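Under numbering that gives the first Met the number 0, the residues of the sequence shown are numbered 0 to 223, in order.
Below you'll find the structure, written out as structure tokens, and then a few comments.
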Amino acid sequence: MKRLKVAQLGITHEHASGKIEVARRRTDYFELAGVVDDTASHTPRQSSAVNYKPYEGLKWMTEEELLSSTDVEAVFVEKTNADQPEAALRCAERGFHVHFDKPGGQDMAQFEKIVERCRSKNLVLQMGYMYRMNPALTLCRQAVREGWLGDVFEIDMTMNRFDNDRYRSYIATFKGGAMYNLGCHLIDFAVTLLGRPQRVTPFLKCTRDDGVEDNTLVVLAYPR
Numbered sequence: 000m001k002r003l004k005v006a007q008l009g010i011t012h013e014h015a016s017g018k019i020e021v022a023r024r025r026t027d028y029f030e031l032a033g034v035v036d037d038t039a040s041h042t043p044r045q046s047s048a049v050n051y052k053p054y055e056g057l058k059w060m061t062e063e064e065l066l067s068s069t070d071v072e073a074v075f076v077e078k079t080n081a082d083q084p085e086a087a088l089r090c091a092e093r094g095f096h097v098h099f100d101k102p103g104g105q106d107m108a109q110f111e112k113i114v115e116r117c118r119s120k121n122l123v124l125q126m127g128y129m130y131r132m133n134p135a136l137t138l139c140r141q142a143v144r145e146g147w148l149g150d151v152f153e154i155d156m157t158m159n160r161f162d163n164d165r166y167r168s169y170i171a172t173f174k175g176g177a178m179y180n181l182g183c184h185l186i187d188f189a190v191t192l193l194g195r196p197q198r199v200t201p202f203l204k205c206t207r208d209d210g211v212e213d214n215t216l217v218v219l220a221y222p223r
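Okay, here's the thing in structure tokens:
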């Protein structure tokens, strides 16, 4: 099987090191062309420190070198959440298949432009939603699709995490706070099972007086 030649654009997203570790482990699938260091960016990120160990021995390149490459086929876009949409669009315009880490940006028109650009160029656009390939949730999708559970009309999902003040400051930069950065995984799974909701009602609350929306709920309404 021909290996896919990939490069990683960015190392500041919270899942960046995990992507490169998988690519290095699965040499039967991937050939790594290089990595772009984006730590000079000043947009918000989860951690100020970057672990360079997963990238040891790899070729470092500039974004310009990556975009001008003639043999790279796909790019893992792993910049900060704020920087990712524009970077993904540049990769799509260049003709690269794109792995674009979640949530996809806060501008729907911009996200739709990325999708349309990939569609028009017949490119794969893969979003980094971890539950899409989770074996247990794959079984859940099969159960719903094949009617094992009858007519599913309600799903109740919860995701929690404990973290430090830096993480709270990080999610404070997003519209929707914790729902944007974490709840997006659950929304993605719900929409996969039940389709596009008729109505979305958010409840964005704060557990402290600092204004950080860390206690959030979304109700997706369907015909029944």
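Heads up, the beta-carbon is just placed ideally off N, CA and C, and yes, glycines get one too.
Only a predicted model underlies this, so the values are computations on that prediction, with no experimental measurement involved.
Quick one: Cα of residue i to Cα of residue j, how far?
i: T200; j: G176; result: 15 Å
i: R144; j: A135; result: 14 Å
i: S67; j: T61; result: 10 Å
i: Q85; j: W147; result: Looking at the sequence shown, residue 85 is not Gln but Glu. The straight-line gap from Cα to Cα measures roughly 42 Å.
i: L75; j: D155; result: Note on residue identity: the sequence assigns Phe, not Leu, to residue 75. Going by the C-alpha atoms only, they are around 32 Å apart.
i: P196; j: A142; result: 20 Å
Taking residue i as part of the alpha helix (DSSP H), name the residues at either end of that continuous run.
i: Q7; result: Run containing Q7: none in the alpha helix (DSSP H); it sits in the beta strand (DSSP E), 3 to 8.
i: E20; result: 15 to 24
i: L138; result: 134 to 144
Looking at the secondary structure, which residues open and close the beta strand (DSSP E) in which residue i lies?
i: F75; result: 73 to 76
i: E30; result: 29 to 35
i: L216; result: 214 to 220
If residue i and residue j are in contact, beta carbons under 8 Å, what's the gap, nearest whole angstrom?
i: Q7; j: V49; result: Wrong, their Cβ atoms sit about 13 Å apart, outside the cutoff.
i: D100; j: H12; result: 5 Å
i: E30; j: L65; result: In fact, because the Cβ distance is near 14 Å, the residues do not count as touching under 8 Å.
i: K78; j: D37; result: 5 Å
key: Three-pair Cβ contact test at 8 Å for the segment 95 to 115 versus the segment 27 to 46   = no
Runs of alpha helix (DSSP H) wholly within the segment 40 to 75 (minimum 4 residues, chain order) = 62 to 66
Inside the segment 162 to 205 only - beta strand (DSSP E) runs reaching at least 3 residues = 198 to 204
ask   = Could you give the uninterrupted runs of the alpha helix (DSSP H) lying entirely in the segment 86 to 111, keeping only those of 4 residues or more?
value = none
task = Answer yes if the segment 156 to 175 comes into contact with the segment 206 to 213, meaning at least three C-beta pairs across the two stretches below 8 Å, and no otherwise.
result = yes
task = Say whether the segment 80 to 97 touches the segment 117 to 130, bearing in mind that this needs 3 or more beta-carbon pairs closer than 8 Å, one atom from each stretch.
result = yes
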